[in-house]
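Some notes on the structure that comes next.
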Amino acid sequence: MKSISYIRISAFSVFFLLILLGISSMAVARQPEACDVRLTAGDPVEGAEFGRSVAIDGNHVAVGAGNANAGSTSGAGAVYLFHRQGQRYIREAKLVAPDATSGAEFGRAVAIQGNLVAVGSRFAEAGGLEKAGAVYLFRKHMGSWRYEAKVSSPNPADEDNFGRALALQGNVLVVTSRKEESGADDVGAAYVFLHRGNQWVFSEKLTAGDPVPKAYFGQSVALRGNLLAIGARNADPEGAGAVYLFQRTGEGWKEFAKVIPPDGAKDDNFGFTVAMLGNTMAVGARRADPGGTEDAGAAYVFAVNGHTVDHVATLTASDGQKKDQFGQSVSMAGDVIAVGANRTDIGKNAGKKADQGAIYLFRRAGNSWKQIGKLTACDGLAGDEFGYSLSAFGNKLVTGAHFADSTAGAAYVLTLKP
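The sequence shown lines up with residues 10 to 427 when you count with the numbering used here.
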């Protein structure tokens with residue numbers, strides 16, 4: 010039987026009314042709280058981490074729970090699919106791997122496009138190896154979601170993390186393998202697959218032009234048109250991190266730029282997350298130290314025009330604190346950039362709500378970006394990590410709080426007001 014998601018009336022619209030009236034400063038004691046729609050698994054279990062990954066496209070929302078049970082297989086992982094009906098989101102399917110194994114982390118990454126869903130399972134069995142990783146594809150047909158294919162690395166190795174991050178567009182699927190040892194430990198790689206006929210066919214392997222050990226090339230990925238961005242959170246210089254840009258030429262991809270932060274420092278994690286919309290790219294650096302505040306985090310905005318990449322803005326939280334991890338997640342919708350800070354402490358007695366999490370919203374204003382809001386969950390508790398994952402489509406923003414409800418997890422669908 011289908012289950013209806015839990016819905017609450019939100020203060021979100023009130024918050025944006027205040028913005029329209031000119032009250033745009035977020036340095037106030039009381040923050041707006043968001044509960045437009047709250048999603049949970051129909052079969053929650055402690056430790057499932059529902060909300061570890063999220064994706065939205067049109068009226069469909071996909072939420073990954075990397076440690077959920079798959080039938081009698083405990084901790085194998087699952088993805089829950091919801092469909093919008095009016096103001097409600099109806100749970101319509103629970104996807105699991107047909108060859109589910111405990112600890113596979115099916116749902117650690119998820120991408121959705123129309124009636125097609127790709128699910129990363131970075132510790133799945135592949136090529137006879139117990140934890141090589143794989144990606145599973147499901148397609149909606151006549152109202153039902155059906156398993157379509159399983160893809161894996163053409164050169165699998167245990168714990169390469171194949172399936173750590175995904176991008177899906179048209180007939181193109183990009184899968185990262187951030188711990189692949191291409192000549193050195195944890196250099197990382199990405200694989201391009203094409204849908205031809207009824208099959209997903211391996212097309213190309215991508216690596217950084219200047220690979221270094223422990224770079225984790227493939228930490229994140231974003232695909233827009235003929236532009237592909239791949240994050241390497243520990244790439245040089247000095248392990249600050251980088252994003253590599255590739256352009257499609259025919260059916261192949263060619264690296265044309267390595268993007269680094271203008272003020273990068275060791276272990277900033279620049280490239281931990283990346284998002285693109287039009288010619289704008291946003292990159293999260295969750296362990297950056299803006300103003301000397303340790304691991305407060307930052308996000309960087311770049312304009313990509315042809316092969317020219319220009320730094321446009323550096324975004325930070327107006328009330329950023331030590332170890333907030335602003336930049337854990339990033340997503341874009343129109344002229345708004347959303348940045349998750351999953352370890353933000355909330356309230357006057359912040360220690361009681363440590364790591365509750367928050368989302369910061371920035372709007373383009375000419376050639377700059379201005380903070381227009383800070384969102385927290387209306388029912389948030391310490392340790393929820395609201396803002397851990399983000400995905401935007403149109404005026405809808407989905408975020409995961411993977412440790413909510415005693416680590417069973419929750420997700421929220423928010424409506425962005427114009």
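Note that beta-carbon positions come from the ideal geometry of N, C-alpha and C, so glycine has one too.
Q. Hey, quick one: how far does the alpha helix (DSSP H) through residue 413 stretch, first residue to last?
A. 413–416
Q: From the DSSP output, read off the bridge partner residues of residue 314.
A: 317
Q | Inter-stretch contact (C-beta, 8 Å, three-pair minimum) for the segment 193–210 and the segment 142–160 | A | yes
Q. Which two residues bound the contiguous beta strand (DSSP E) that contains residue 290?
A. From DSSP, the beta strand (DSSP E) with residue 290 extends over 289–294.
Q) So, are the CB atoms of residue 295 and residue 278 less than 7 Å apart? A) yes
Q) Is residue 40 helix, strand or coil when you go by DSSP? A) Its pLDDT being 43, under 50, residue 40 is placed unreliably in this model, and the value from its coordinates should be taken loosely. It is coil, neither helix nor strand.
Q | Environment of residue 205 [buried if 16+ CB atoms lie within 10 Å] | A | exposed
Q. So residue 416 and residue 139 are in contact, right, with Cβ under 8 Å, and what is the actual spacing, rounded?
A. The Cβ separation is near 25 Å, so there is no contact.
Q) For residue 362, which of helix, strand or coil comes out of DSSP? A) helix
Q: For residue 235, count neighbouring C-beta atoms within 10 Å of its own C-beta (all shown protein chains included) and say buried if the count is 16 or more, exposed if not.
A: exposed
Q. In this structure, does DSSP put residue 179 in helix, strand or coil?
A. Coil, per DSSP.
Q) For the putative contact between residue 169 and residue 188, defined by C-beta atoms under 8 Å, what is the C-beta separation to the nearest angstrom? A) 5 Å
**Q.** Three or more C-beta pairs below 8 Å linking the segment 386–393 and the segment 317–332
**A.** They do not touch, by the three-pair rule.
Q: Just mark residue 375 as buried or exposed, buried being the case when its beta carbon has 16 or more other beta carbons within 10 Å.
A: Around the beta carbon of residue 375, a 10 Å sphere encloses fewer than 16 other beta carbons of the protein chains shown; the residue is thus reported as exposed.
Q) Tell me which same chain residues have a C-beta within less than 8 Å of the C-beta of residue 302, skipping the five on either side of it? A) 329, 330 and 331
Q.
In whole angstroms, give me the CA-to-CA distance for residue 76 and residue 259.
A. Near 39 Å, if we compare the C-alpha coordinates of residue 259 and residue 76.
Q. Comparing alpha-carbon positions, which option in 381, 270, 262 and 265 lies nearest residue 250?
A. 270
Q) Using the rule of at least 16 other Cβ atoms within 10 Å of the residue's Cβ for burial, across every protein chain shown, is residue 195 buried or exposed? A) Burial of residue 195 is indicated by the presence of at least 16 other C-beta atoms within 10 angstroms of its C-beta.
Q: Can you have a look at residue 317 and say buried or exposed, based on whether 16 or more other CB atoms are within 10 angstroms of its CB?
A: exposed
Q. Just curious, the beta strand (DSSP E) that residue 429 is in, first and last residue?
A. Residue numbering for the chain in the displayed model covers 10 to 427; residue 429 lies beyond these limits and cannot be assessed.
Q | Every unbroken beta strand (DSSP E) within the segment 324–350, with a cutoff of 3 residues, ordered by chain | A | 335–342 and 345–350
(Q) Considering only DSSP beta bridges, list what residue 285 is partnered with. (A) According to DSSP, residue 285 bridges with 290.
Q: Just tell me which of 102, 314, 69 and 118 has its CA closest to the CA of residue 95.
A: 69
**Q.** Reduced DSSP secondary structure (H/G/I, E/B, other) of residue 300
**A.** helix
Q) So what's residue 397 in DSSP terms, helix, strand or just coil? A) Strand.
Q) Is DSSP giving residue 28 helix, strand or coil here? A) Below a pLDDT of 50, predicted positions are generally treated as unreliable, and residue 28, at 36, falls in that range; no measurement from the model is reported.
Q) Can you tell which of 224, 286, 81 and 346 has the C-alpha that lies nearest to the C-alpha of residue 307? A) 346
Q: Find the nearest neighbour of residue 142 within the set 175, 124, 152 and 153, judged by alpha-carbon distance.
A: 175
Q) Straight-line CA distance for residue 82 to residue 352? A) 31 Å
Q | Opposing strand residues paired with residue 239 [DSSP bridges] | A | In the DSSP output, where bridge partners are listed per residue, residue 239 has 230 and 253.
Q: To the nearest angstrom, report how far apart residue 381 and residue 372 are at their CA atoms.
A: Straight-line Cα distance between these residues: approximately 7 Å.
Q: Mind reading off the beta-carbon distance from residue 60 to residue 410? Whole number of angstroms is fine, and I expect it under 8 Å.
A: Residue 60 to residue 410, Cβ: 5 Å. Contact.
Q.
For residue 434, tell me which candidate among 282, 155, 252 and 248 has the shortest Cα-Cα distance.
A. Absent from the structure is residue 434, since the part of the chain shown begins at 10 and ends at 427.
Q: Name the two residues that bound the continuous beta strand (DSSP E) containing residue 139.
A: Residue 139 -> no beta strand (DSSP E), and no H or E assigned at all.
Q: Reducing DSSP to helix, strand and coil, say where residue 96 ends up.
A: Of the three classes helix, strand and coil, the one that applies to residue 96 here is coil, per DSSP.
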